[in-house]
Each structure stands twice: as structure tokens, then as C-alpha cells.
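A.B. asks:
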Amino acid sequence: MRRIAFVNLKGGVGKSTCAATIAVGLAKRGRRVLLIDADAQGHATWTVTRGQGGGDVGLGEVLLRHAAAVDAIRPTPTEGLDVLPAGSSLGGANIALAQELGRDTRLRSALVDVRGYDEVLIDSGPSLNLSTINVLTAATEVVAPVDAAMYAVLGLVDLRRAVEEIRDAYNPGLRLAGLVLCKARKDATSRDVERQLRETFGGLVHKATIPLSAAIEAAHARGLTILDHAPKSPAATAFEALIDEVLSHGRSEETEHARRGPGAREDAA
1 MRRIAFVNLK GGVGKSTCAA TIAVGLAKRG RRVLLIDADA QGHATWTVTR
51 GQGGGDVGLG EVLLRHAAAV DAIRPTPTEG LDVLPAGSSL GGANIALAQE
101 LGRDTRLRSA LVDVRGYDEV LIDSGPSLNL STINVLTAAT EVVAPVDAAM
151 YAVLGLVDLR RAVEEIRDAY NPGLRLAGLV LCKARKDATS RDVERQLRET
201 FGGLVHKATI PLSAAIEAAH ARGLTILDHA PKSPAATAFE ALIDEVLSHG
251 RSEETEHARR GPGAREDAA
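Numbering (full-length UniProt numbering), first residue to last: 1 to 269.
1) Could you check how far apart the C-beta atoms of Tyr143 and Ala177 are, in whole angstroms? I think they sit under 8 Å.
2) For Leu34, name the three-state secondary structure that DSSP assigns.
3) Measure the alpha-carbon distance for Leu63 versus Ala93 and round it to whole angstroms.
4) Would Ala69 pass as a contact of Leu136 if the rule is Cβ separation under 8 Å?
5) Measure from the C-beta of Ile243 to each C-beta in chain B and report whether the shortest distance is under 8 Å.
6) Just how far apart, CA to CA, sit Val108 and Asp158?
7) Excluding sequence positions up to five away, which residues of its chain have a Cβ less than 6 Å from the Cβ of Thr76?
8) Hey, out of Thr17, Ala98, Val24, whose CA is closest to Asn8's CA?
9) Check this for me: beta carbons of Ala241 and Ala230, under 8 Å apart or not?
10) Would you list the residues sitting across from Ala144 in a DSSP beta bridge?
11) Which partner residues of Ser124 appear in the DSSP bridge assignment?
12) Do you know whose CA, among Cys182, Ala221, Leu156, lies nearest Phe201's CA?
13) Could you check what DSSP says for Ile4 in three-state terms: helix, strand or coil?
14) Rounding to the nearest angstrom, what Cα-Cα distance links Ser89 and Gly60 in this structure?
15) Beta-carbon separation of Arg3 and Glu194 under 8 Å?
16) If you draw a straight line from the C-alpha of Asp228 to the C-alpha of Thr237, how long is it?
17) One question on the structure: do Val13 and Val146 come within less than 8 Å of each other, judged by their Cβ atoms?
18) Would you mind working out which of Phe6, Ile22, Gly223 sits nearest Lys15, comparing C-alpha positions?
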């Protein structure tokens, strides 16, 4: 079961949009998907529930061990997609967990009993707090949405360092699996940022680029993803291509694991 975390230590780059849209898109392709909302703002929950929210019990209660993950998971209007919402106490959980033992691995432990999904997608907040550390400890892959601005590129340095530190301390199988250029404009700055990303990170940068789109903002206002709001729009077409890439990467990993055999180490490094 793949666990894909959408992380960037900068706000406003498209993490929640990517997590929610890819979750819906994978479910529409017949996958069984769980979306975990680890951002206290709850935008991903709002989107996949079509503005209904996820109730009071969510990830905050799970991290504090006031509820089991399986009891906090909720269905969504999209067949095949469930959500573990942020919950009303996620913001306070970061403070409450500070004095708790095992605070960095609460999410990973909670997911032991969660089964039956092909992919678990995890949205994260914009800072390296205890919720984000729990996300990185529980994930197998990190996908970093990056907006077409130089500050977002510079923020990848901090993200890479965080991934390396979590991998060394808690999660040896964790890897930075991809970068997604979001909110791309048709101007020189966007082109320069994309060129620098592709030169620096090579094949880690997904081929699909998500354009800056008023249609995406209109979809959010209605509690929808762009796939439901404007499925023929350029932004929806770009997301469909990105979802195909995410699926393709997963199949490549499955093939490689089968070739190496069940006893092979996930991270030889």
C-alpha cells in the first residue's frame, strides 16, 4: 500500500489541491483511496466532501489517541475514496503532543490497522510541526508541489533536509519521489523556475505542469476538484496527465519490488 505525502515547507503552493484532486482522480480510475488531511485548515477535507467537512473527530483525535484511525475515517461522495479529516483538534494536538512519548510515530502506529486501500494520500501543513513529522514518518513517498516562484524552489532545500533526517531517524524507506510544478504562468519567471527545477532535479520533476487557473479557484469555492467542476479545462487535463504519472510510478515500483523479491531491502542505502 503506497503512502504518498504531499509536503512543502511553504504555504500556498498547491499541496491541498494536488492531494485532493489526485485522490479523486485515482478513485475515478477504480482505485481504493484514503486521503488523510494533516493540515489544520482542512482544505483537502472540504474539497473531497464537497463542502460538508468531516465532523469533529479526525486526525487530531487519532494523534492524541482519543480515537482509532478506522473509527475516524469517513466516506466521501466519490466512490472508492474515503477521508480521515483533520478534525477540530488538530491544531491543538501539535501542542499537546509535545510532552508525549512516541509523539513522532503516532500516525504510523495508527495506520497499522487500516487496510484495503491501494493508495493512502496525505496532505500536510506548511510548517515542520509534529503533524508534519508524523506524516513523514508514516509515508513511503514524498511529492512536493512547487509553485513557479524562486522562494518555493529555495524551500526545497529545507524539505530535502527534513526528508533525510526523518529517513535516518524513523523511516529508512522514505524517499522524495517527485516534484510537481503548480500555478505555472506563461511568463519568463515561470519558464526560468521550471528550467532550473528540471536541470537541478532531473527526472524527479513530473512532466505534467499544473497551470495557474481561475477554474481551480472556482472549483474550490464550490467544494469540488477541477475534475468535477470543469473536466475539459486545461487544468483538469494537466491533472489527468499527472494522475497517470503517479499511477505509472507506482506500477514501476511494484515491478521493481517483484524483480528484487520479497526479501530485498526497500532502501539499500
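Beta carbons are placed, not taken as given, at the ideal position from N, Cα and C, and that holds for glycine.
C.D. replies: According to the data block:
1) What you label residue 143 is simply residue 143 of the sequence shown in a count that begins at 1. What you label residue 177 is simply residue 177 of the sequence shown in a count that begins at 1. Per the sequence presented here, residue 143 reads as Val, with Tyr not at that position. Going by Cβ atoms, the distance from Val143 to Ala177 rounds to 6 Å, so yes, they are a contact pair.
2) As a working mapping, residue 34 is identified with position 34 in the sequence shown. Three-state result, Leu34: strand.
3) The residue you call residue 63 lines up with position 63 of the sequence shown. The residue you call residue 93 lines up with position 93 of the sequence shown. Cα to Cα, the separation comes out at about 7 Å.
4) As a working note, residue 69 is residue 69 in the sequence shown. As a working note, residue 136 is residue 136 in the sequence shown. Cβ distance not < 8 Å, so Ala69 and Leu136 don't count as in contact.
5) Protein chains in the displayed structure number just one, and chain B is not present.
6) Numbered from 1 along the sequence shown, position 108 holds the residue referred to as residue 108. Numbered from 1 along the sequence shown, position 158 holds the residue referred to as residue 158. Here the sequence assigns Arg to residue 108, which means Val is not the residue at that position. Going from the Cα of Arg108 to the Cα of Asp158 covers about 23 Å.
7) Walking along the sequence shown from the start, residue 76 turns up at place 76. These residues qualify, in order along the chain: Val48, Thr49, Val83.
8) For the purposes of this step, residue 8 is taken as residue 8 along the sequence shown, with counting starting at 1. Nearest of Thr17, Ala98, Val24 to Asn8, Cα basis: Thr17.
9) Walking along the sequence shown from the start, residue 241 turns up at place 241. Walking along the sequence shown from the start, residue 230 turns up at place 230. Ala241 is not a Cβ neighbour of Ala230, given a cutoff of 8 Å.
10) Indexing the sequence shown from 1 puts residue 144 at position 144. Ala144 pairs with Leu179.
11) Translated into positions along the sequence shown, residue 124 becomes position 124. Looking at the DSSP assignment, Ser124 forms a beta bridge with Ala38.
12) Numbered from 1 along the sequence shown, position 201 holds the residue referred to as residue 201. Checked all of Cys182, Ala221, Leu156; the closest Cα to Phe201 is Leu156.
13) Counted from its first residue, the sequence shown places residue 4 at position 4. Looking at Ile4 - three-state DSSP - the assignment turns out to be strand.
14) Within the sequence shown, the letter at position 89 stands for residue 89. Within the sequence shown, the letter at position 60 stands for residue 60. Distance between the alpha carbons of Ser89 and Gly60 is about 5 Å.
15) The residue you call residue 3 lines up with position 3 of the sequence shown. The residue you call residue 194 lines up with position 194 of the sequence shown. Taking 8 Å as the Cβ cut-off, Arg3 and Glu194 do not qualify as a contacting pair.
16) In the sequence shown, residue 228 corresponds to position 228, counting from 1. In the sequence shown, residue 237 corresponds to position 237, counting from 1. The alpha-carbon atoms of Asp228 and Thr237 are separated by roughly 12 Å.
17) As a working mapping, residue 13 is identified with position 13 in the sequence shown. As a working mapping, residue 146 is identified with position 146 in the sequence shown. Here Val13 is near Val146, since their CB atoms are less than 8 Å apart.
18) Taking the sequence shown and counting its residues from 1, the one referred to as residue 15 is at position 15. With distances taken between Cα atoms, Lys15 lies closest to Phe6.
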